[in-house]
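Enquirer: Below you will find the structure I want to go over with you.
In my numbering, the protein residues as written are 14 to 424.
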């Protein structure tokens, strides 16, 4: 009996030792070397670049797709097929000098091009893929939107003030669009100031453009002009602090940017005729070829040329208002044509009785010419009652972003 117990004990001891031994070996086997490097491929344009020889460059003047691909061992017959296949996706005739491109080549001794990638702008690209079968497709880089805040005081011009603060001058155009119905940007003066919350777009760390203006306050002649971007019923507009629409029946000016050189007056010394006479319009000077915009919706009732007016367009907006645009270098709008507010109807020139390129803008109300800068034209619909609470919450949130005394701040 003692002998059986002893044998049993010995057998159990051996199995226990074997279990411990094999368990420790198994545990050791799964430990990974912490110093082992993990390969992470470089992905760009949705392609693993590590598999190719990569060449980046910009399109040179008078350089075409064929010039480039022939250097990378693509036969002309394949290039011709590539051009024909790309017709409905991207017109290769639009490949422009100064634009970036990338060539991906095989790593063998031939180094034949596998992909040609063209970047028409900072955010989009077109891939001409020649690996297995020819395919052409478009792609878009990941764009990150940053909310920024800037404020400043005008010393000479809005462009100059923004440039001095290292902000994109394009922001000036966006601000002019926001206030197109309420502020005449030709009359902004030293001492006016602005406070804006807006979007900037980035690809990686590279700035690629201005996004939307979210809120702004432009102080002009000591009067605050607030603007808040707000969407109601699927339509986005700008509204003031009381929820009234900034949009009006007429733009403040027929040009996006220029200089007001002569106002509406009953007595002005005419620079050509050398006599004092009424000037029943407002002159805006700008370079020849600057687009002239219809200030409101309407129908073109005259598109003609006269000795004094030069090339001109006249628009009837409704039974009350009519506008006219003189001295054009070229007329685009034709008699009988329906135009929308902001449509380009012609270009600045100096035809007719003019000493230099400008547009003379004339404004009729109930058949009488009047000073459009003093007219209070009716606004569009305000924020609706059912959206008022949501508008107030948005306004309060944006006001907090505008209040910090910052130059350019990422929010």
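Glycine residues also receive a C-beta, built at the ideal position from the N, C-alpha and C atoms. No experiment lies behind these values; they were computed from the predicted model shown.
Of all the options 101, 210, 192 and 105, which has the alpha carbon lying nearest to the alpha carbon of residue 413?
Expert: Per the Cα distances, 210.
Enquirer: Does residue 390 come out as helix, strand or coil in the three-state DSSP assignment?
Expert: Coil at residue 390, not helix or strand.
Enquirer: From this set, 346, 324 and 86, which residue's C-alpha is nearest residue 312's C-alpha?
Expert: Cα-wise, what sits closest to residue 312 is 346.
Enquirer: Inspect the CB distances between the segment 403-410 and the segment 319-329 and report whether three or more fall short of 8 Å.
Expert: Counting Cβ pairs under 8 Å, fewer than three are found: no touch.
Enquirer: Taking the alpha helix (DSSP H) that residue 375 falls in, what are its first and last residues?
Expert: No alpha helix (DSSP H) holds residue 375; the beta strand (DSSP E) holding it covers 371-378.
Enquirer: Compare the beta carbon distance of residue 372 and residue 297 with 8 Å and say whether it is the shorter of the two.
Expert: Cβ distance < 8 Å, so residue 372 and residue 297 count as in contact.
Enquirer: Give me, in chain order, the residues of the same chain whose beta-carbon lies closer than 8 Å to that of residue 142; leave out the 5 immediate sequence neighbours on both sides.
Expert: Hits under 8 Å: 127, 128, 148, 149 and 150.
Enquirer: Under a Cβ-count criterion, where at least 16 other Cβ atoms within 10 Å of its own Cβ denotes burial, should residue 220 be classed as buried or exposed?
Expert: Exposed: under 16 other Cβ atoms inside 10 Å.
Enquirer: Does DSSP classify residue 298 as helix, strand or coil?
Expert: If DSSP states are grouped into helix, strand and coil, residue 298 belongs with the strands.
Enquirer: Please list the terminal residues of the continuous alpha helix (DSSP H) segment that includes residue 183.
Expert: Residue 183 -> alpha helix (DSSP H) spans 183-191.
Enquirer: Can you confirm whether the segment 51-60 touches the segment 91-107 when touching is taken to mean that 3 or more C-beta pairs between the two stretches lie within less than 8 Å?
Expert: They do not touch, by the three-pair rule.
Enquirer: State the Cα-Cα distance for the pair residue 301 and residue 359, rounded to the nearest angstrom.
Expert: Those two C-alpha atoms are separated by around 11 Å.
Enquirer: Would you kindly work out how many angstroms separate the C-alpha atoms of residue 119 and residue 60, rounded to a whole number?
Expert: Taking the straight line from one Cα to the other gives about 14 Å.
Enquirer: Should the segment 372-381 be called in touch with the segment 226-240, which here means at least 3 C-beta pairs below 8 Å?
Expert: At 8 Å Cβ cutoff, the stretches do not touch.
Enquirer: Looking at the structure shown, is residue 234 part of a helix, part of a strand, or coil, going by DSSP?
Expert: It is coil, neither helix nor strand.
Enquirer: The beta strand (DSSP E) with residue 415 in it runs from where to where?
Expert: Counting along the chain, residue 415 falls outside any beta strand (DSSP E), though it belongs to the alpha helix (DSSP H) covering 401-415.
Enquirer: What's the C-alpha gap between residue 310 and residue 354?
Expert: If you take the alpha carbons of residue 310 and residue 354, they lie about 5 Å apart.
Enquirer: Within a Cβ cutoff of 7 Å, which residues of the same chain sit near residue 415, ignoring the five residues on either side of it in sequence?
Expert: Answer for residue 415: 162, 208, 210, 228 and 230, listed in chain order.
Enquirer: Looking at C-alpha atoms only, which residue of 293, 333, 349 and 169 is the closest neighbour of residue 317?
Expert: If we check each option's Cα against that of residue 317, 349 comes out closest.
Enquirer: List the DSSP bridge partners of residue 212.
Expert: BP columns for residue 212 point to 160.
Enquirer: If you compare alpha carbons, which of 260, 107 and 314 is closest to residue 483?
Expert: Nothing can be reported for residue 483, as the shown portion of the chain is limited to 14 through 424.
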